[in-house]
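Numbering (this note's numbering), first residue to last: 77 to 371.
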């Protein structure tokens with residue numbers, strides 16, 4: 077296939093491009109806010125003229141739409157920016173896909189749910205986000221389903237990958253383990269760790285089936301932030317050196333409310349026999365082993 081990847085400069089984008097290029101069967105064109113580095117073409121998804129021009133020129137069979145504002149707190153502080161990027165930007169990409177008959181794969185988030193369910197959410201649960209980030213991503217989902225017939229929506233959990241370009245929880249914990257003897261980590265927020273390499277490989281496998289629709293796509297198993305931190309300390313061999321103290325999320329007030337649960341279950345993948353995602357602890361072990369010597 078000829079594949080256009082938006083937002084190729086992020087940690088998931090880097091994984092998607094690597095997996096597609098390693099496959100060797102696809103022609104890949106990448107876009108980002110600035111040309112160079114991971115992006116072949118500079119394109120701001122909020123600019124309709126730029127989006128339609130790029131899609132018209134590239135003529136992709138598949139667009140993997142990753143460009144998004146994923147800073148949850150910035151979204152809360154700047155809702156116009158959140159909706160301009162995650163909803164209107166997605167609408168631009170969707171309209172260009174319809175105009176040029178391209179299939180779309182849109183990556184969404186567990187943040188579309190309110191977090192009150194005790195069990196992991198499935199694709200058949202009703203969304204209802206409690207923060208602007210989740211609401212803007214859900215708006216993007218609804219635009220996709222309203223306008224397109226050939227689409228995939230993949231909801232991810234707590235994303236992990238990219239090591240140095242990873243600005244999220246796991247890499248931050250690894251860095252703190254280099255200097256701290258005590259880590260205070262919340263134990264009242266739960267989610268589904270999602271490793272970029274695992275996510276990408278399974279996403280591409282699902283796309284190959286042409287079974288269009290909505291999918292949850294996370295690693296198997298769920299955990300609290302505290303449980304993940306404890307596992308990181310164990311894998312680094314620092315159990316005797318570092319104490320991981322469970323605390324309430326009230327100790328770390330943030331601009332945006334977070335749902336209690338971002339746990340997802342890949343029910344549709346299970347029903348289709350396609351849930352090849354590894355258990356999160358195994359992927360975390362491999363991730364740390366591969367990168368433990370990196371600074």
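Note that beta-carbon positions come from the ideal geometry of N, C-alpha and C, so glycine has one too.
- An exposed status is given to residue 257, since fewer than 16 other beta-carbon atoms sit within 10 Å of its beta-carbon.
- Spatial neighbours of residue 280 in its own chain (CB-CB distance under 8 Å, excluding positions within 5 residues in sequence) are listed in chain order as 95, 96 and 99.
- In the structure shown, residue 269 adopts extended strand secondary structure according to DSSP, grouped into three states.
- Here the C-alpha atom of residue 199 lies approximately 14 Å from the C-alpha atom of residue 190.
- Burial is judged here by how many other beta carbons sit within 10 angstroms of a residue's own beta carbon; residue 110 has fewer than 16 and is exposed.
- Pairwise C-beta distances place the region 232-240 in contact with the region 179-193, as three or more of them are shorter than 8 Å.
- Rounded to whole angstroms, the separation of the alpha carbons of residue 116 and residue 88 is 16 Å.
- Bounds of any alpha helix (DSSP H) do not take in residue 138; it lies within the beta strand (DSSP E) bounded by 138-141.
- Residue environment analysis places residue 214 among the buried positions, since at least 16 neighbouring C-beta atoms fall within 10 angstroms of its C-beta.
- Here the region 257-273 does not lie against the region 156-163, with fewer than 3 beta-carbon pairs under 8 Å apart.
- Taking C-beta atoms as the reference points, residue 332 and residue 197 fail to come closer than 8 Å.
- For residue 103, the beta-bridge partners assigned by DSSP are 78.
- Residues of the same chain with a CB within less than 7 Å of the CB of residue 224, apart from the 5 flanking positions on each side, are 170, 173, 174 and 180 in chain order.
- Apart from the 5 residues on each side of it in sequence, residue 302 sits with its Cβ closer than 7 Å to the Cβ of 261, 262, 263, 320 and 322 in its chain, given in chain order.
- Within the same chain, and ignoring the five residues on either side of residue 339 in sequence, the residues whose Cβ sits closer than 7 Å to its Cβ are 196, 197, 266, 267, 268 and 298.
- Taking C-beta separations shorter than 8 Å and ignoring five residues to either side along the sequence, the partners of residue 137 in its chain run 77, 78, 79, 178 and 179, following chain order.
- For residue 310, the closest C-alpha among the options 293, 250 and 284 is that of 250.
- A direct Cα-to-Cα measurement between residue 287 and residue 274 gives close to 19 Å.
- Spatial neighbours of residue 290 in its own chain (CB-CB distance under 6 Å, excluding positions within 5 residues in sequence) are listed in chain order as 199 and 229.
- Residue 180 carries a strand assignment under DSSP once its states are collapsed to helix, strand and coil.
- Judged by DSSP in its simplified three-state form, residue 338 adopts strand.
- Comparing C-alpha distances from residue 365 to each of 106, 296 and 239 shows the shortest one belongs to 239.
- Between the beta-carbon of residue 296 and that of residue 355 there is about 5 Å, and that keeps the pair under the 8 Å contact cut.
- Going by C-alpha positions, residue 324 is about 43 Å away from residue 226.
- Within the region 270-312, the beta strand (DSSP E) runs of at least 3 residues that lie entirely inside it are, in chain order, 289-292.
- The DSSP-derived three-state label of residue 322 is strand.
- Assignment of residue 327 by DSSP, reduced to helix, strand and coil, places it in the helix class.
- By the Cβ neighbour-count rule, residue 133 is exposed, with fewer than 16 other Cβ atoms within 10 Å of its own.
- Within the region 229-263, the runs of beta strand (DSSP E) at least 3 residues long that lie entirely inside it are, in chain order, 234-236 and 258-262.
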